[in-house]
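Below is one structure, written out as structure tokens; the observations come after it.
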Amino acid sequence: MAKMNLYSRGDKAFVILNMVLIGMFTISALYPFIYIASLSMSSGFEARAGNVLLTPVGFTLEAYSRVLSEPMFWISYKNTFIYTIGGTLMSLAFIIPGAYALSRPQLYGRRFWNLMVAFTMWFHAGMIPFFLNMRDLNLLDSYFGIIIGFAVSGFNIILLRNFFEGIPQSFEEAARMDGANEFQVLWKVYMPLSKPAIATVALFCIVSRWNGFFWAMILLQDEGKIPLQVYLRHVIMELSDDEEFASTLINAAYSFETVSAAIIVCSIIPILLIYPFLQKYFNKGILLGGVKE
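Structural data, given as structure tokens:
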């Protein structure tokens, strides 16, 4: 209150308005999570009647029991971890050396190569050429196709390149005097100093891979290889037309709505667990890597 007294009436109104707007934004951002979690723990009858708004109605965990008893759920969950972990490691294996090379002043044609990377952020060949390219490379319906096909992002390369360019040259010069080659400079100098930026890029890759849906649906035909997001669509869009399957999901304990909500909750838990460990690097990495000095 003592600090508020130092403000003019206009300043106080501005601060109060900001707090109200931030509060409204926070509520609007959190409510979908709260609603889905509440829906997943409500009875099927109450969910289908639309009685769930904020808290669970007719509390039950039958929807989770139904989801966790499905073998296909665990297969798709395993596949999502494979695509996320393998894809993130593959992305970093390409992005880090690529960003380092583009940050080197001595790179021949550096301006041209940077332009080519930036070009991919605005222009894309299109869905059909990309699909045909994946087909001709025999990458359809395979784990490796999903992992390698989306390994590189121009935005992530530029973000990390900008961070590398901000590292003082004195560190590299000291390593060169000790006889370090390019690989050793990258591994022992640039990468340890770039943990915030690398963690930020890794977080982008993890979220993108974990939420990957469209191309996984297009490129994968074997149900044993589909990720969790495609499995969720399979449950909602396709099996809902199966009367025999539908009859097993319509009772007082659970319904399509609660089962779908339970799958969604299970799908976001790993991201919620990972983010706190990377969040401390996120702000620093995005700010330092997003601005070229």
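In this text, residue positions in the sequence shown follow this note's numbering: the first is 878, and each later residue adds one.
For glycine and all other residues, C-beta sits at the position ideal for the given N, C-alpha and C.
Please read all numbers here as calculations on a predicted model, not as lab measurements.
Nearest-angstrom beta carbon gap, residue j and residue i [assumed within contact, 8 Å]
i	j	result
F971	A1028	5 Å
G1026	L1016	6 Å
V1136	R943	6 Å
A1079	T961	About 11 Å; that fails the 8 Å criterion.
N991	L1009	About 28 Å; that fails the 8 Å criterion.
Close Cβ partners of residue i (< 6 Å) along its chain, the five nearest in sequence each way excluded
i	result
V994	G1031 and I1034
G935	S919, S920 and E923
S1144	L1105
L894	none
T997	G1031
Buried or exposed by the 16-neighbour rule on C-beta atoms within 10 Å, applied to residue i
i	result
A976	buried
E1059	exposed
P1104	buried
N956	buried
R840	Here the chain comprises residues numbered 878 to 1170, so residue 840 is not present and cannot be evaluated.
E939	buried
Q1046	exposed
R1038	buried
I904	exposed
G1101	exposed
Y1152	exposed
S973	In the sequence as displayed, the identity of residue 973 is Ile instead of Ser. It counts as buried.
M967	buried
Y941	buried
V1112	buried
G900	exposed
L1150	exposed
L898	exposed
L1036	buried
V1168	Residue confidence for V1168 is low, a pLDDT of 45 falling below 50, so the modelled location carries little weight and cannot support an answer.
A879	A caution first: A879 carries a pLDDT of 49, below 50, which makes its placement in the model unreliable, though a value can still be read off. Counting Cβ neighbours within 10 Å, A879 comes out exposed, since fewer than 16 surround it.
Neighbourhood of residue i by C-beta, 7 Å cutoff - its chain only, sequence neighbours within 5 removed
i	result
I1148	V1084 and W1087
L930	none
I959	Y1020
G1022	M1011, L1016 and L1096
P933	S915, M918 and S919
E1049	V1062 and V1066
I913	A1138, I1141 and V1142
N928	V934
I911	L931
Spatial neighbours of residue i in its chain, beta-carbon cut-off 8 Å, leaving aside the 5 residues before and after
i	result
V1107	S953, F1090, A1093, M1094 and L1097
G963	Y1020 and I1024
D1018	L1096, L1097, Q1098, D1099 and K1102
R1052	Sequence check: residue 1052 is Ala here, not Arg. Result list for A1052: Q1061, V1062, K1065 and V1066, in chain order.
D1013	none
R1110	F1090 and M1094
F902	none
L969	I1075, V1078, A1079 and C1082
T1171	Residue 1171 lies beyond the stretch modelled for the chain, which goes from 878 to 1170, so this question has no answer here.
Original post:
Are three or more beta carbon pairs between the region 1067-1076 and the region 929-949 nearer than 8 Å?
Top reply: no
Original post:
Can you find at least 3 beta carbon pairs, one from the region 982-998 and one from the region 1091-1098, that sit closer than 8 Å?
Top reply: no
Original post:
Do three or more CB pairs link the region 1129-1142 to the region 923-943 at distances below 8 Å?
Top reply: yes
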